Amino acid sequence: MQIGISTASFYPMEIERAVEHAAELGYERVELFINAESEYALPFRSELRHRLQSLGLMVVSVHPFSSAIEGLLLFSDYTRRTRDALDRYERYFAAAADLGARYFTFHGQRLIARGLPPSDAAKRRYETYHALCARAAACGITFTQENVSWCKSSDLEFLHGLYDHVPELRYTLDVKQAHRAGRTWRDYVDAVGDRIVNLHISDYTAQSDCLLPGRGDVDFPALFAALRSHGYRGSAIVEVYSTDYQQIEELRDSVLFLQGIEKRGERT
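First residue of the sequence shown: 98, per this note's numbering; consecutive thereafter.
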């Protein structure tokens with residue numbers, strides 16, 4: 098399992114500076130958190146792609162800043178807005194592919210969403226997920242649903258519905274978000290483990306729900322072993338906040354810590 102880092106870990110640093118720091122700290126893979134619409138545009142994208150190549154960084158996934166409003170964009174009662182948003186996300190998928198990404202990370206609907214009656218809402222939801230997966234696939238991108246504490250994707254029953262009705266959908270497991278939802282990463286591995294293709298990691302304790310890996314109580318050897326038992330061969334992406342460390346150099350400790358765990362796991 099290769100260790101990477103999300104550029105969100107450096108926010109609000111600009112993405113082109115964030116990838117340089119990632120490489121300097123010893124990371125070889127990144128998830129790109131796109132924080133502005135202009136960062137999808139071809140001129141900026143081309144410059145960023147060349148910078149990534151010169152740094153020797155592999156792009157695992159792309160995560161859009163519009164994740165905060167994906168429910169409004171794609172799952173409201175207003176079908177024209179949904180159609181427009183599907184076109185918008187198709188542009189995002191094409192940009193992600195151009196940057197070399199394999200996966201696209203999606204939040205989806207908030208936990209509390211008003212609109213269509215439950216039966217109609219479920220039908221429309223699955224249709225939209227099918228469309229998102231198909232448009233992503235046409236661009237060479239695998240569309241993934243992340244478990245997020247403030248979204249419907251934190252609910253295991255909701256995920257079971259997606260698992261059954263949208264078999265082409267894949268998943269990003271986020272350890273921090275599982276904890277914030279009052280669950281453990283094991284709950285989500287049990288629910289969709291054989292379709293998890295991307296992993297966001299951080300650490301936590303009873304006092305703090307987001308720490309650098311190695312500074313909390315998460316059993317990373319058990320996490321990695323559980324994912325491997327489901328056939329996981331992807332990356333482990335460090336995703337924390339810039340408020341979780343005092344000096345950027347501290348992020349070097351995370352990659353060394355995780356690489357050590359992974360090497361020990363490979364020998365067992």
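Each residue gets a CB set at the ideal place from its N, CA and C atoms; glycine is no exception. Values in this document were obtained by computation on a predicted structure and should not be read as measured data.
Distance between beta carbons of residue j and residue i, contact taken as under 8 Å
i           : j           : result
residue 179 : residue 241 : About 20 Å; that fails the 8 Å criterion.
residue 226 : residue 188 : Not a contact, Cβ separation roughly 18 Å.
residue 186 : residue 229 : 6 Å
residue 296 : residue 341 : That pair is no contact at about 18 Å.
residue 377 : residue 105 : No answer is possible for residue 377: it lies beyond the span of the chain, which begins at 98 and ends at 365.
residue 149 : residue 156 : 6 Å
residue 133 : residue 154 : Rounded, the Cβ-Cβ distance is 20 Å, inconsistent with contact.
Buried or exposed (CB count within 10 angstroms, at least 16 for buried), residue i
i           : result
residue 275 : buried
residue 257 : exposed
residue 249 : buried
residue 360 : exposed
residue 205 : buried
residue 357 : exposed
residue 331 : buried
residue 318 : exposed
residue 232 : buried
residue 175 : exposed
residue 291 : exposed
Residue from the options with nearest C-alpha to residue i
i           : options            : result
residue 234 : 199, 246, 204      : 199
residue 253 : 231, 281, 236, 301 : 281
residue 351 : 121, 325, 361, 312 : 312
residue 344 : 145, 329, 316, 118 : 118
residue 303 : 314, 293, 310, 294 : 314
residue 272 : 337, 128, 110      : 337
residue 217 : 165, 166, 173, 167 : 173
Boundaries (first-last residue) of the beta strand (DSSP E) holding residue i
i           : result
residue 202 : 200-203
residue 270 : 267-271
residue 333 : 333-335
residue 294 : 293-298
residue 161 : 155-161
Residue i - DSSP class collapsed to helix/strand/coil
i           : result
residue 230 : helix
residue 274 : helix
residue 241 : strand
residue 142 : helix
residue 131 : strand
residue 207 : strand
residue 309 : coil
Opening and closing residue of the alpha helix (DSSP H) in which residue i lies
i           : result
residue 123 : First-last for residue 123: undefined, no H or E at that position.
residue 103 : Looking at the DSSP string, residue 103 is not in any alpha helix (DSSP H); the run it does join, the beta strand (DSSP E), is 100-103.
residue 255 : 253-262
residue 53  : The displayed coordinates of the chain run from 98 to 365. Any statement about residue 53 would go beyond what the structure contains.
residue 172 : Looking at the DSSP string, residue 172 is not in any alpha helix (DSSP H), and its letter there is neither H nor E.
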